[in-house]
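> Residue numbers (the numbering used here): 71 to 470.
Idealized CB from N, CA, C, for every residue including glycine.
Shown below is the structure under consideration.
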């Protein structure tokens, strides 16, 4: 190794290219045996350069399962090191090596990928240091280009997705960080299971819409829009109602009227607008209400305060074993909910009791009255007011 230490980059690459297996064996041996941090850092830095400059070296380093296990084993051990530079170099080297594999390769090192993804998402992406967050999301983006790795990541999605969504919400000033986090979500949105969970478990639609609405860079709007387009392609029955309930139609219409340089962005906005308009025009008023309710993002849209809506649609709340009523109760059960959905849910339950007294039975079983009474002490005045009205309605109709 000393013979190439002081060579220029070009000369060093040429030297290693003549005997790639020999140098690969030396590197693997050093990673196995050396314990001095400064030497390990040098070997990792050199390895990172050689994987880029000398493809034959990378092939030799991963030439068979024995060599591969040896190298990956040495590198994954470094992820637990307290020395920041050491574990970052270890992660970077792993990403470089793993990124050389083909998506069609069925024999992927799943355990290594899982360990690396866990390190990136729990140690780096959740760090208060935005530089470390950016390293993590860039690395995840490189890995997710390989379709085979997406299923490995998805086994631990509960550790990966929340930090990414948090970055989107909190990093509006760090544009590159936001962009890189979006890229990871976009790559995952090509998979149906990921798309389904984005909508149903992580409620990602409002976040993506907010990013598209507030972004100052076209490339950020581009990736947010492309992700939403993938969602309506992969899981239309889940994503389109959520998009409509969260005000996507007026936003997409506004974005479509702006001048964009990116032709793919223009095309995706056109696709979104067409699909959303088509769905909206075919929806009844109750369909709109049900979509909003399913999203859990209730707002003071016209149906909530319309006597006609409640009298005409009361019977539909019996459908599917009181599904809509159970969803209203679920809104009240969300301790961290915004005040507006809580106030709207109290209003809706109060109105429903008036037009459909038999709803008291399922509400009693779910303990909805107790939840509403607790909201009379809520810090928000509108929530307190609507909770008081609903409680009075409960009491008035309980004795009829």
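Can you give the Cα-Cα distance for residue 351 and residue 397, rounded to whole angstroms?
On the chain shown, residue 351 is found 281 positions in, with the first residue counted as 1. On the chain shown, residue 397 is found 327 positions in, with the first residue counted as 1. Between residue 351 and residue 397, the C-alpha separation is close to 24 Å.
> Give the DSSP-derived three-state secondary structure of residue 407 in the structure shown.
For the purposes of this step, residue 407 is taken as residue 337 along the chain shown, with counting starting at 1. Three-state DSSP puts residue 407 in coil, outside helix and strand.
> Less than 8 Å between the CB atoms is what I'm expecting for residue 355 and residue 379, so what's the real figure, rounded?
Reading the chain shown from its first residue, position 285 is the one you call residue 355. Reading the chain shown from its first residue, position 309 is the one you call residue 379. Indeed, because the Cβ distance is near 6 Å, the residues count as touching under 8 Å.
> Grouping DSSP H, G and I as helix and E and B as strand, with all else coil, what is residue 263?
Stepping through the chain shown from its first residue, residue 263 is reached at position 193. DSSP places residue 263 in helix when its eight states are reduced to three.
> Around the C-beta of residue 225, are 16 or more other C-beta atoms found within 10 angstroms, so that it is buried, or is it exposed?
The count along the chain shown starts at 1 and reaches residue 225 at position 155. Counting Cβ neighbours within 10 Å, residue 225 comes out exposed, since fewer than 16 surround it.
> Taking just the CA atoms, how far does residue 383 sit from residue 360?
On the chain shown, residue 360 is found 290 positions in, with the first residue counted as 1. On the chain shown, residue 383 is found 313 positions in, with the first residue counted as 1. Rounded to the nearest whole angstrom, the C-alpha separation of residue 360 and residue 383 is 11 Å.
> Following the continuous alpha helix (DSSP H) through residue 157, name the residue where it begins and the one where it ends.
Numbered from 1 along the chain shown, position 87 holds the residue referred to as residue 157. Taken as a continuous stretch (DSSP letters only), the alpha helix (DSSP H) holding residue 157 covers 154-168.
> Report the rounded CA-to-CA distance for residue 369 versus residue 441, giving the unit in angstroms.
As a first step, residue 369 must be located in the chain shown, where it is residue number 299. As a first step, residue 441 must be located in the chain shown, where it is residue number 371. Distance between the alpha carbons of residue 369 and residue 441: 19 Å.
> Can you name, in chain order, every residue of its own chain whose Cβ lies under 8 Å from the Cβ of residue 432, other than the five neighbours on each side?
Here residue 432 corresponds to residue number 362 of the chain shown, with the count starting at 1. These residues qualify, in order along the chain: 392, 395 and 396.
> Among the residues of its own chain, which have a CB less than 8 Å from the CB of residue 200, if the five just before and after it don't count?
The sequence position of residue 200 within the chain shown is 130, counting from 1. For residue 200, where only same-chain residues beyond five positions count, the Cβ hits under 8 Å are 241, 244 and 247.
> With DSSP as the reference, label residue 177 as helix, strand or coil.
Position 107 of the chain shown holds residue 177. Looking at residue 177 - three-state DSSP - the assignment turns out to be coil, as it is neither helix nor strand.
> Would residue 179 be called buried (16 or more neighbouring beta carbons within 10 Å of its own) or exposed?
The sequence position of residue 179 within the chain shown is 109, counting from 1. When all chains shown are included, residue 179 counts as buried.
> Residue 313 and residue 297: beta carbons closer than 7 Å?
Counted from its first residue, the chain shown places residue 313 at position 243. Counted from its first residue, the chain shown places residue 297 at position 227. Going by C-beta atoms, residue 313 is not nearer than 7 Å to residue 297.
> What do you reckon, are the CB atoms on residue 144 and residue 101 nearer than 7 Å?
Locating residue 144 in the chain shown gives position 74, counting from the first residue. Locating residue 101 in the chain shown gives position 31, counting from the first residue. Against a cut-off of 7 Å, the Cβ pair of residue 101 and residue 144 comes out as a contact.
> Could you tell me if residue 309 is buried or exposed, where buried requires 16 or more neighbouring beta carbons within 10 angstroms of its beta carbon?
In the chain shown, the residue the question calls residue 309 occupies position 239. Per the 10 Å Cβ criterion, buried.
> If you run the structure through DSSP and keep just helix, strand and coil, what is residue 243?
Looking up residue 243 in the chain shown gives position 173. The answer is coil: DSSP assigns residue 243 none of H, G, I, E or B.
> Give the secondary structure of residue 196 by DSSP, where H, G and I count as helix, E and B as strand, and everything else as coil.
As a working note, residue 196 is residue 126 in the chain shown. Three-state result, residue 196: coil.
> Check this for me: beta carbons of residue 259 and residue 301, under 7 Å apart or not?
Counted from its first residue, the chain shown places residue 259 at position 189. Counted from its first residue, the chain shown places residue 301 at position 231. Yes, the Cβ-Cβ distance between residue 259 and residue 301 is below 7 Å.
> Which residues bound the alpha helix (DSSP H) around residue 224?
One-based indexing of the chain shown puts residue 224 at position 154. Note, residue 224: alpha helix (DSSP H), 217-224.
> If residue 111 and residue 156 are in contact, beta carbons under 8 Å, what's the gap, nearest whole angstrom?
Translated into the one-based positions of the chain shown, residue 111 becomes position 41. Translated into the one-based positions of the chain shown, residue 156 becomes position 86. Rounded, the Cβ-Cβ distance is 6 Å, consistent with contact.
> If you draw a straight line from the C-alpha of residue 374 to the C-alpha of residue 413, how long is it?
The residue labelled residue 374 in the question sits at position 304 within the chain shown. The residue labelled residue 413 in the question sits at position 343 within the chain shown. Each residue's Cα considered, the two are about 11 Å apart.
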